[in-house]
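For the sequence shown, full-length UniProt numbering gives the first residue as 1, with consecutive numbering after it.
The beta-carbon is built from N, C-alpha and C at its ideal position, and this holds for glycine as well.
Computed from a predicted structure; not experimentally measured.
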Amino acid sequence: MNKVVHVNGKALDKAAKVTLIGGDEVMFVSLGTHAYIFQQLLEEKASTPSLCSKCVIQQEQYPVVKDKEIVSSLCKTVGEQSYHPSEENMTFGRHQLLKDDLKKAAISASDISESFDNFPYYLSENTKNVLLSSSYVNLCCKESTKWTKDISSLCKRVLLSGPPGSEIYQELLVKALTKSFGAKLLVIDYSLLSGGQPSKSKESKPYKKGDRVRYIGPIQSSGFMFEGQRAPDYGSQGEVRLTFAENGSSKVGVRFDKQIPGGIDLGGSCELDHGLFCSVDSLCLDGPGWEDRAKHSFDVVFEFASEESQQVPVILFLKDVEKICGNNYTYHGLKNKLESFPAGVFIVGSQIQTDARKDKSNNGSPWLKFSYSQAAILDLAFQDSFGRAGEKNKEALKMSKHITKLFPNKVTIESPEDETELSQWKQLLGRDIEILKAKANFLKIQSFLTRHGMECTDLESVVCVKDRNLTSECVDKIVGYALSYQLKDHPIQTPGKDARVVLSGVSLKYGIDLLESIQSGPKKKSTKKSLKDVVTENEFEKRLLPDVIPPDEIGVTFEDIGALENVKETLQELVMLPLQRPELFSKGQLMKPCKGILLFGPPGTGKTMLAKAVATEAGANFINISMSSIASKWFGEGEKYVKAVFSLASKISPSVIFVDEVDGMLGRRENPGEHEAMRKMKNEFMVNWDGLRTKDKERVLVLAATNRPFDLDEAVVRRLPRRLMVNLPDAPNRKKILSVILAKEDLADDVDLEALANLTDGYSGSDLKNLCITAAHRPIREILEREKKERTLAEAENRPAPPQCCSGDVRSLKFSDFKHAHEQVCASISSDSKNMNELVQWNDLYGEGGSRHKTPLSYFM
């Protein structure tokens with residue numbers, strides 16, 4: 001099993017080496033998860049166990065990975081009571097600093113330029129009106145709130161839910177709402193709720209052994225709880241027994257006065273069921289005024305908003321509500337505070353729809369299923385291979401319930417219905433996604449430099465990585481490459497104790513470019529991988545997904561197909577143009593893209609190659625459907641596979657569903673020997689293809705090919721409005737086909753393609769290729785015969801065998817080679833055959849450009 005060892009929440013690769021320091025958390029994952037807190041052995045206390053705590057977590061019940069990197073700054077702001085006699089004054093000072101920062105961050109309506117009249121994005125009237133009606137009662141009719149407090153649609157806590165990439169959109173929408181009511185806006189980030197304090201107050205010392213503390217609970221999720229273990233009650237008193245001074249981010253061991261269910265003995269430092277390792281942000285020093293010291297940042301926000309609401313309406317905009325609803329303590333604490341806000345305070349929570357929390361209001365739009373939000377990125381970053389799908393689903397369901405209770409009034413951002421407006425809207429949200437990624441990457445690199453005693457003066461102008469989210473490993477590599485590059489030209493002579501390395505923008509740019517060049521190789525092959533990331537709704541879509549061929553893997557273009565110019569032009573107009581330029585077909589009702597095209601004709605004329613070239617040129621995903629991919633021995637599963645074909649094609653659109661030899665799958669239904677299951681599959685195929693719930697503007701095309709169009713069911717022919725006959729090529733077209741086939745061959749001067757084209761009357765494109773292959777073998781056979789004669793002569797004369805010939809000894813192809821091959825390879829179909837006559841007749845009746853003339857029956861037979 002890969003990556004079974006985790007240190008401080010980070011999975012280690014096989015054979016990786018890590019130096020442990022006291023307080024590091026080590027987990028071993030096999031059948032269960034064994035968690036340890038590492039403690040360095042001291043010489044004078046050799047009997048002290050080095051592993052001071054151990055507990056086992058069942059794999060299917062508790063997640064392994066914890067976010068150990070997000071450590072609250074409270075561990076640096078909490079002081080030591082014995083060394084700080086004026087703790088109450090320091091607490092008051094910190095809260096006052098935060099309140100001053102909130103006053104500066106509050107935005108008045110007069111300072112907001114955005115409004116509903118000049119909103120820069122598409123804004124649905126429904127979204128705007130619902131938001132205005134929900135906020136009007138709470139901001140303008142304070143005296144009426146006592147009658148509306150139990151009406152969820154008028155609740156003062158609103159959840160604003162939007163598609164991925166709508167973070168900036170939502171903030172501008174709330175600003176426009178603030179402007180319309182003349183209110184004051186306060187944007188609250190998750191970092192403020194996680195215990196963050198003003199930078200001026202981050203100079204206190206950590207806890208020391210013997211400190212008396214009280215348990216106040218973490219403001220953010222602290223990871224897993226051990227089996228049978230429960231957190232202490234709020235305000236529980238205890239004493240710090242184990243600390244790790246050299247590890248500022250570690251937990252501390254606390255011996256609580258009262259027993260704790262599932263408690264431990266801290267490696268013999270206290271009685272059993274009294275000890276617990278606690279994160280520093282879940283504790284505060286005991287003593288007079290401990291309630292004030294336990295006060296989190298949101299308490300200050302509550303006080304500030306309550307005071308401001310006496311003068312002017314206040315709108316609180318809470319970002320990333322998913323992060324603050326992850327654990328029960330945070331949820332209950334925040335819920336009590338939000339419910340206590342006075343009238344005149346309107347709270348808007350921001351939610352980004354993700355795969356695990358698909359919104360029912362998105363009308364099944366597959367585009368909303370692709371998430372780029374920070375919450376989704378964290379989910380992907382902490383996925384492991386230990387079978388925790390059930391646990392993740394439970395946590396997602398629990399979080400969804402918390403969000404619903406916290407924000408009972410939900411307002412969903414509606415997307416445009418018009419195809420052109422929807423395309424423009426997606427482009428704007430895509431641009432915002434890039435802006436958010438660039439900002440997040442900038443902050444990651446800046447934080448990494450600060451932690452390691454480095455800085456970059458022109459960091460903002462250099463860091464503009466917006467096409468991906470940099471992981472911690474990527475940031476480490478960028479800075480490492482940049483530092484090495486700079487030290488080559490500017491080595492540090494005698495660095496001082498507090499000296500900081502100043503990286504130049506050129507060096508940092510070198511590190512970014514080097515990382516991108518390293519990752520560019522695998523990125524070229526990532527199209528297939530990105531298809532595997534498509535969210536499938538059921539097992540049938542999942543089984544069909546590996547059969548999808550991305551356009552860059554098909555490898556056939558129109559240049560590879562000689563002749564058929566008329567067919568190519570028609571396909572360009574009917575298939576490629578609607579897929580590449582959908583905005584041109586959004587006007588009116590008659591410009592809807594074609595839903596089906598039939599390519600019919602004799603065998604070997606290039607119908608399958610045309611389908612592949614269409615998918616390549618149009619940049620569409622190619623789904624090749626055959627009976628083996630949709631048939632099943634289980635009753636009813638065949639219809640489900642057929643439905644999955646179209647639902648999957650809709651998700652990965654633009655896409656081409658190619659059905660080769662379509663007469664075998666969708667033939668006439670009046671065949672008396674046909675099985676009932678086959679008839680049901682045909683019906684299901686046609687219902688999903690062009691039925692009651694089919695979307696007219698969906699960029700999904702069914703491209704069918706057959707040699708026997710006259711065997712197709714009439715309903716199938718109706719769903720294939722454009723029927724193109726790919727006939728046997730004439731002499732000029734045969735010349736074009738031969739020029740494409742022989743483009744990379746070494747030809748002698750006597751080879752006349754026009755004469756060869758006239759010689760091959762009735763040949764299909766496939767026949768011409770077989771003819772050329774046979775001709776190309778003739779020079780090789782001559783070499784083999786010559787080598788055989790030379791070996792025989794050498795043996796007769798008792799000489800060593802001559803060396804074998806190489807590719808350079810193969811002569812050019814002569815016209816005589818093709819004439820000789822013509823005697824061996826003949827046409828595979830006769831132009832006077834019964835099948836050809838039926839094809840011509842069917843083309844006259846139903847095909848593109850047919851005469852539509854039906855010959856009347858004669859009185860004389």
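Exercise for the section: Please name the residue, chosen from A613, E583, F540, that lies closest to L564 on a Cα-to-Cα basis. Expected result: In the sequence shown, the residue the question calls residue 564 occupies position 564. Out of A613, E583, F540, A613 has the C-alpha closest to the C-alpha of L564.
Problem - Counterpart residues of G453 in DSSP-defined beta bridges - result: Indexing the sequence shown from 1 puts residue 453 at position 453. Per DSSP, none; premise fails for G453.
Exercise for the section: Quick one: grab the DSSP three-state call for Q804. Expected result: Taking the first residue of the sequence shown as 1, we reach residue 804 at position 804. Coil at Q804, not helix or strand.
Practice task
Pull up the distance between the alpha-carbon of L845 and that of K814, whole angstroms please.
Solution key: Within the sequence shown, residue 845 is the residue found at index 845, counting from 1. Within the sequence shown, residue 814 is the residue found at index 814, counting from 1. Roughly 44 Å separates the two Cα atoms.
Exercise for the section: Would you identify the three-state DSSP class for S282, choosing helix, strand or coil? Expected result: Translated into positions along the sequence shown, residue 282 becomes position 282. Reduced to three states, the DSSP call for S282 is helix.
Practice task
Give the range of the beta strand (DSSP E) segment to which D458 is assigned.
Solution key: Position 458 of the sequence shown, counting from 1, holds the residue named residue 458. D458 -> no beta strand (DSSP E), and no H or E assigned at all.
Exercise for the section: Can you tell me which of the three DSSP states V751 falls into? Expected result: Numbered from 1 along the sequence shown, position 751 holds the residue referred to as residue 751. If DSSP states are grouped into helix, strand and coil, V751 belongs with coil.
Exercise for the section: Leaving out five residues on either side along the sequence, give the residues of the same chain with a beta carbon under 8 Å from the beta carbon of P724. Expected result: Taking the first residue of the sequence shown as position 1, residue 724 is located at position 724. For the sequence presented, residue 724 should be read as Leu rather than Pro. The answer, listed in chain order, is V567, T570, L571, I597, L598, L599, F600, G847, E848.
Handout entry: Beta carbon of R778 nearer than 8 Å to that of H820
Key = For the purposes of this step, residue 778 is taken as residue 778 along the sequence shown, with counting starting at 1. For the purposes of this step, residue 820 is taken as residue 820 along the sequence shown, with counting starting at 1. Yes; because the gap between Cβ atoms is below 8 Å, this pair is in contact.
Handout entry: Given T412 as reference, the closest of K542, S161, P232, V751 once Cα atoms are compared
Key = Stepping through the sequence shown from its first residue, residue 412 is reached at position 412. Ranking the options by Cα distance to T412, first place goes to S161.
Practice task
Inspect the beta-carbon positions of F277 and G238 and report whether they are closer than 8 Å.
Solution key: Within the sequence shown, the letter at position 277 stands for residue 277. Within the sequence shown, the letter at position 238 stands for residue 238. The answer is no: Cβ separation not under 8 Å.
Problem - Backbone CA spacing between S504 and L139 [nearest angstrom] - result: Position 504 of the sequence shown holds residue 504. Position 139 of the sequence shown holds residue 139. Approximately 51 Å, taken between the alpha carbons.
Exercise for the section: Assign N538 to one of two classes, buried (16 or more other C-beta atoms within 10 Å of its C-beta) or exposed (fewer than that). Expected result: Taking the first residue of the sequence shown as 1, we reach residue 538 at position 538. Under this definition N538 is an exposed residue.
Handout entry: Test item: CB-CB of A618 and P654 under 8 Å
Key = For the purposes of this step, residue 618 is identified with residue 618 of the sequence shown, where counting begins at 1. For the purposes of this step, residue 654 is identified with residue 654 of the sequence shown, where counting begins at 1. If you check the CB distance, A618 and P654 come in under 8 Å.
Handout entry: For D660, the first and last residue of its enclosing alpha helix (DSSP H)
Key = Position 660 of the sequence shown, counted from the start, is the residue given in the question as residue 660. It is not in any alpha helix (DSSP H) - D660 instead sits in the beta strand (DSSP E) that spans 655 to 660.
Exercise for the section: Identify the continuous alpha helix (DSSP H) that holds E125 and give its terminal residues. Expected result: For the purposes of this step, residue 125 is taken as the residue at position 125 of the sequence shown. Note, E125: alpha helix (DSSP H), 125 to 140.
Practice task
Could you tell me which of V575, V479, E559, D257 sits nearest to N212, measuring between CA atoms?
Solution key: Position 212 of the sequence shown, counted from the start, is the residue given in the question as residue 212. Residue 212 is actually Arg in this sequence, not Asn. Answer by Cα proximity: D257.
Handout entry: Contacts around I107, its chain only, beta-carbon distance under 6 Å, and the 5 residues preceding and following it disregarded
Key = By one-based count along the sequence shown, residue 107 stands at place 107. L185, listed in sequence order.
Exercise for the section: Identify which residue in P491, V506, T148, N409 has its Cα closest to the Cα of T457. Expected result: Your numbering for residue 457 matches position 457 in the sequence shown. Out of P491, V506, T148, N409, V506 has the C-alpha closest to the C-alpha of T457.
Problem - Cα-Cα separation between R734 and N707, rounded to whole angstroms - result: Indexing the sequence shown from 1 puts residue 734 at position 734. Indexing the sequence shown from 1 puts residue 707 at position 707. A straight-line Cα-Cα distance of about 20 Å links R734 and N707.
Practice task
Just the C-alpha distance for C464 and D513, rounded to the nearest angstrom, thanks.
Solution key: Against the sequence shown, residue 464 aligns to sequence position 464. Against the sequence shown, residue 513 aligns to sequence position 513. Each residue's CA atom was taken as its position, placing C464 and D513 some 11 Å apart.
Exercise for the section: Can you tell me which of the three DSSP states S743 falls into? Expected result: Translated into positions along the sequence shown, residue 743 becomes position 743. According to the sequence provided, residue 743 is Ala. The question's Ser does not apply to it. DSSP places A743 in the coil class of the three-state scheme, outside both helix and strand.
Exercise for the section: Decide if the stretch 790 to 798 is in contact with the stretch 827 to 843; the criterion is three or more beta carbon pairs, one per stretch, under 8 Å apart. Expected result: The stretch 790 to 798 vs the stretch 827 to 843: no contact.
Handout entry: Beta-carbon gap between K488 and L470 smaller than 8 Å
Key = Along the sequence shown, read from residue 1 onward, the residue named residue 488 stands at position 488. Along the sequence shown, read from residue 1 onward, the residue named residue 470 stands at position 470. No, the pair does not count as a contact, with Cβ atoms beyond the cut-off.
Problem - K184: first and last residue of the uninterrupted alpha helix (DSSP H) it sits in - result: Taking the first residue of the sequence shown as position 1, residue 184 is located at position 184. Per DSSP, K184 belongs to no alpha helix (DSSP H); it is in the beta strand (DSSP E), 184 to 188.
Practice task
Please report how far the alpha carbon of L584 lies from the alpha carbon of K179, in whole angstroms.
Solution key: Residue mapping note: residue 584 aligns to position 584 of the sequence shown, counting from 1. Residue mapping note: residue 179 aligns to position 179 of the sequence shown, counting from 1. Roughly 38 Å separates the two Cα atoms.
Handout entry: Coarse secondary structure for S831, derived from DSSP in three states
Key = Within the sequence shown, the letter at position 831 stands for residue 831. S831 carries a coil assignment under DSSP once its states are collapsed to helix, strand and coil.
Practice task
Taking only the alpha-carbon atoms, compute the straight-line gap between L12 and I518 and give it to the nearest angstrom.
Solution key: Mapped onto the sequence shown, residue 12 falls at position 12. Mapped onto the sequence shown, residue 518 falls at position 518. One alpha carbon belongs to L12, the other to I518, and they sit about 22 Å apart.
Practice task
Taking 8 Å as the threshold, find out whether the stretch 679 to 692 comes into contact with the stretch 626 to 639 through three or more Cβ pairs.
Solution key: Segments in contact, yes.
Exercise for the section: Using the Cα positions of K360 and L428, report the straight-line distance between them to the nearest angstrom. Expected result: Your numbering for residue 360 matches position 360 in the sequence shown. Your numbering for residue 428 matches position 428 in the sequence shown. Low per-residue confidence applies at K360: pLDDT is 39, beneath 50, and the placement is therefore not dependable enough to give any value.
Exercise for the section: Please classify V502: is it buried, with 16 or more other beta-carbons within 10 angstroms of its beta-carbon, or exposed? Expected result: The sequence position of residue 502 within the sequence shown is 502, counting from 1. So V502 ends up on the exposed side.
Handout entry: Inter-residue Cα distance where the pair is G604 and K643
Key = For the purposes of this step, residue 604 is taken as residue 604 along the sequence shown, with counting starting at 1. For the purposes of this step, residue 643 is taken as residue 643 along the sequence shown, with counting starting at 1. Rounded to whole angstroms, the gap between the alpha carbons of G604 and K643 is 31 Å.
Exercise for the section: Provide the residue(s) that pair with E823 in DSSP beta bridges, ordered along the chain. Expected result: Residue mapping note: residue 823 aligns to position 823 of the sequence shown, counting from 1. Beta-bridge analysis with DSSP links E823 to no other residue.
Problem - V312 - partner residues in DSSP beta bridges - result: If you number the sequence shown from 1, residue 312 lands on position 312. Beta-bridge annotation (DSSP): V312 is not paired with any residue.
Handout entry: Spatial distance of T450 from R500 (CA atoms)
Key = To locate residue 450, count along the sequence shown from 1; it is residue 450. To locate residue 500, count along the sequence shown from 1; it is residue 500. Distance between the alpha carbons of T450 and R500 is about 9 Å.
Practice task
Pick helix, strand or coil for E25, following the three-state DSSP scheme.
Solution key: Position 25 of the sequence shown, counted from the start, is the residue given in the question as residue 25. Residue state, collapsed to three classes: strand.
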